[in-house]
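What follows is one structure encoded as structure tokens, with my remarks underneath.
2 protein chains.
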Amino acid sequence: MPEQIPLSEQVWEYVKQIFKLQQERSPVATSSLAEALKIAPSSVTEMLKRLAKRGLINYTPYHGITLTDAGNEAALKAIRRHRIVERFLTDMLGFQWHEAHQEAVLFEHNVSDEVERRLYVALHKPTECPHGYPIPSKTLPVFVTERTLYELEPGEEAVIMHVRDDEPELLQFMASLGIKPGVKVHMVEKDPFQGPVGITVRPRGKKRTIGWHLANSIYVDGAAKQS
Amino acid sequence: MPEQIPLSEQVWEYVKQIFKLQQERSPVATSSLAEALKIAPSSVTEMLKRLAKRGLINYTPYHGITLTDAGNEAALKAIRRHRIVERFLTDMLGFQWHEAHQEAVLFEHNVSDEVERRLYVALHKPTECPHGYPIPSKTLPVFVTERTLYELEPGEEAVIMHVRDDEPELLQFMASLGIKPGVKVHMVEKDPFQGPVGITVRPRGKKRTIGWHLANSIYVDGAAKQS
DNA sequence: ATTGTAATTTAGCTTTGCACAAATTGCAAT
DNA sequence: ATTGCAATTTGTGCAAAGCTAAATTACAAT
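As given, the protein sequences belong to chains L and S, one line each in that order. Numbering of the first sequence is given in this note's numbering, commencing with residue 15 and proceeding in unit increments. Numbering of the second sequence is given in this note's numbering, commencing with residue 15 and proceeding in unit increments.
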């Protein structure tokens with residue numbers, strides 16, 4: 015019978031972020047959270063104590079954190095809401111995908127369950143956000159394929175599954191290159207040491223050279239075939 | 015060059031409420047604000063000092079408050095947003111009018127200017143909220159007619175202009191009686207001393223007896239004609 | 001002119017969140 | 001084993017809002 019009081023806006027944001035970071039490395043370090051949320055590490059520590067008290071995370075001082083089951087559930091709920099709101103912004107209000115994320119963060123936490131439900135229906139029950147990430151219900155389908163475009167070897171071809179949604183400029187640039195979920199890409203050449211990579215966007219794309227960061231923000235289907 | 019920092023959610027709520035109360039009686043008393051916002055009077059006093067510091071109100075301790083020009087502008091902006099969001103909830107998400115007000119309060123303050131603008135367009139630039147109140151742009155058209163249904167004399171007939179939006183149960187009941195903006199009503203009989211009144215809702219309404227509070231929550235067109 | 005009551009304000013305390021500076025801890029390199 | 005740095009945590013302080021209880025003020029009625 016914990017948590018009668020509704021989670022504060024900030025708590026949702028923390029939990030959501032912890033969930034994401036946990037998919038890369040678990041337990042999650044205070045500093046990585048601080049960086050992701052753009053909050054001073056000390057403030058994060060404060061909040062972690064509160065989250066632990068509410069049973070949302072397992073917190074071992076100096077050794078990072080993990081989400082509890084309750085925390086996981088909260089995170090999925092937050093992520094679901096976020097992605098539904100994103101779709102609302104793009105599909106119903108005509109926002110560009112690089113604007114959607116920011117705007118969504120603004121009001122997702124003030125959307126009631128009922129509004130979320132109705133939005134979901136009005137949008138024809140979408141399965142993905144505008145950036146290609148799945149909209150979770152109870153469980154978030156884990157990607158079998160956690161390869162980024164950068165990890166493709168020269169000659170390989172793959173389909174874009176989803177792209178990072180938290181850097182507007184990057185998204186805008188991607189859009190200008192025709193990069194979006196569902197599109198096929200071909201790795202032409204790759205420089206070592208996080209150097210630039212040459213790719214073509216199918217069909218009928220010219221060769222393009224993109225930087226490491228961009229290439230590493232594009233997640234592709236693991237089933238790659240030699241061309 | 016005051017107010018660089020955005021107004022807090024609470025500040026918007028105060029300013030909006032002050033605006034409404036000011037239309038009935040000006041200056042506005044601390045206690046009426048406290049009652050309207052369901053906040054302890056002492057807390058309201060605290061906030062009034064902050065509002066005064068930000069130049070939103072003229073505050074004379076013990077003698078009530080008035081909105082400054084800046085305050086007025088802020089209030090109209092808040093009201094506009096509120097009413098647009100209400101329409102969004104009813105028109106696009108299918109909420110009942112008695113639910114719209116509550117839900118709108120939840121997230122209206124987290125809606126950005128851009129989202130508001132797009133909502134407004136997507137809704138085909140509505141001129142009124144679901145309860146019949148006008149959606150202001152720069153200035154709020156003051157009602158020439160500030161008569162309530164209760165003030166009609168027996169035999170008079172009038173058109174409903176708008177109804178109070180902040181009491182869900184009341185709204186639900188009104189809906190069940192067919193009472194909404196644009197509908198004609200006929201005053202049949204009226205008891206003195208805030209007693210019940212008998213009315214008919216045109217066209218083809220049976221006679222109905224409603225209480226004082228309800229009758230006084232329905233605002234009608236001043237141009238009444240004897241029937 | 002005084003008094004009493006209701007409205008209002010002040011005082012003191014709580015909570016949530018954030019930040020900075022100082023102390024502490026973990027761990028890797030010597 | 002010790003040292004030293006980076007990551008963390010603790011301590012202190014601030015701001016927004018809110019509450020209760022106590023003091024103060026306005027004003028009307030005597």
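We put the beta carbon where it would ideally sit given N, CA and C, even for glycine.
Item	Value
Sequence-distant residues of its chain with Cβ nearer than 8 Å to residue 180 (chain S) (five each side left out)	115
Buried/exposed call for residue 183 (chain L), threshold 16 Cβ in 10 Å	exposed
Cβ separation of residue 234 (chain S) and residue 172 (chain S), assumed to be a contact under 8 Å, to the nearest whole Å	4 Å
Beta-carbon gap between residue 200 (chain S) and residue 177 (chain S) smaller than 8 Å	no
Start and end residues, alpha helix (DSSP H) containing residue 32 (chain S)	23-36
Interface residues of chain S facing residue 125 (chain L) [CB-CB closer than 7 Å]	121
Beta-carbon contacts of residue 73 (chain S) that lie in its chain and below 6 Å, excluding the five residues immediately before and after	62, 66, 79
Within chain L, the residues that residue 129 (chain S) reaches when beta carbons sit closer than 7 Å	107, 117
Under 8 Å (Cβ pairs) to chain S, residues found in the region 49-65 of chain L	none
Beta-carbon proximity list for residue 103 (chain S), same chain, < 7 Å, skipping 5 on both sides	109, 114, 117, 118
Residues, ordered as in the chain, of the region 94-105 of chain L that lie near chain S by beta-carbon distance below 9 Å	103
Sub-8 Å separation of residue 35 (chain L) and residue 50 (chain L) beta-carbons	yes
Length of the line joining the Cα atoms of residue 232 (chain L) and residue 33 (chain L)	19 Å
Pair within 8 Å by beta-carbon distance, residue 212 (chain L) and residue 221 (chain L)	yes
Assigned secondary structure, residue 170 (chain S) (DSSP; H/G/I helix, E/B strand, else coil)	strand
With 16 other Cβ atoms within 10 Å as the buried cut-off, status of residue 19 (chain S)	exposed
Chain-ordered residues of the region 191-215 of chain S with a beta carbon less than 9 Å from chain L	none
Cβ shell of residue 37 (chain L) (< 7 Å), same chain only, five flanking positions each side left out	none
N-terminal and C-terminal residue of the beta strand (DSSP E) that residue 212 (chain L) is part of	211-215
Neighbourhood of residue 187 (chain S) by C-beta, 8 Å cutoff - its chain only, sequence neighbours within 5 removed	228
Check whether residue 77 (chain L) and residue 55 (chain L) have beta carbons under 8 Å apart	no
6 Å CB neighbourhood of residue 26 (chain L) in its chain, flanking five on each side removed	92, 123
Limits of the unbroken beta strand (DSSP E) element including residue 80 (chain L)	79-81
Cβ-Cβ separation, residue 136 (chain S) to residue 107 (chain L) (assumed contact under 8 Å), whole Å	6 Å
Residues that DSSP places opposite residue 148 (chain L) in a beta bridge	L:142
Neighbourhood of residue 3 (chain S) by C-beta, 7 Å cutoff - its chain only, sequence neighbours within 5 removed	There is simply no residue 3 (chain S) to check, as chain S begins at 15 and stops at 241 in what is shown.
The beta strand (DSSP E) enclosing residue 220 (chain S), as first and last residue numbers	Looking at the DSSP string, residue 220 (chain S) is not in any beta strand (DSSP E), and its letter there is neither H nor E.
For residue 161 (chain L): DSSP bridge partner residues	L:234
Buried versus exposed call for residue 207 (chain S) [16 or more other C-beta atoms within 10 Å across all chains shown]	exposed
First and last residue of the uninterrupted beta strand (DSSP E) at residue 198 (chain S)	198-204
Where residue 193 (chain S) sits in the DSSP three-state scheme	coil
Backbone CA spacing between residue 215 (chain L) and residue 191 (chain L) [nearest angstrom]	8 Å
Any C-beta of chain L under 8 Å from that of residue 185 (chain S)	no
Three-state secondary structure (DSSP) of residue 125 (chain S)	coil
Interface flag, residue 68 (chain L) vs chain S, CB-CB below 8 Å	no
Run of the alpha helix (DSSP H) containing residue 60 (chain L), from where it starts to where it stops	55-67
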